[in-house]
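So this is what it looks like as C-alpha cells:
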C-alpha cells in the first residue's frame with residue numbers, strides 16, 4: 015500500500031526545518047485532544063511520548 019499523504023500535527027521546530035528533505039509532508043498545528051479531522055481520515059497514526067503531555071489522557075485515547 016503506497017503512502018499517499020503524510021501530516022504532522024503540532025510538529026516540533028526541528029521537524030519543520032527538515033520537512034523539505036523528508037518528502038511531501040503537510041504540517042498543521044492542532045490540539046491533539048480535539049483534532050480537526052473527520053473520523054476515519056487516516057489509515058495509520060504514529061505518536062511518540064504524546065500522552066505524557068496530555069492533561070486528559072482518557073479523552074486523548076478515544
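In this note's numbering, the protein residues as written are 15 to 76. Ideal placement from N, C-alpha and C gives every residue a C-beta, glycine not left out.
In this structure, the alpha-carbon of residue 76 lies about 14 Å from that of residue 69. Judged by their CB atoms, residue 44 and residue 50 are nearer to each other than the 8 Å cut-off. Here DSSP, grouped into helix, strand and coil, assigns residue 67 to helix.
Residue 62 and residue 52 have their C-alpha atoms some 22 Å from each other.
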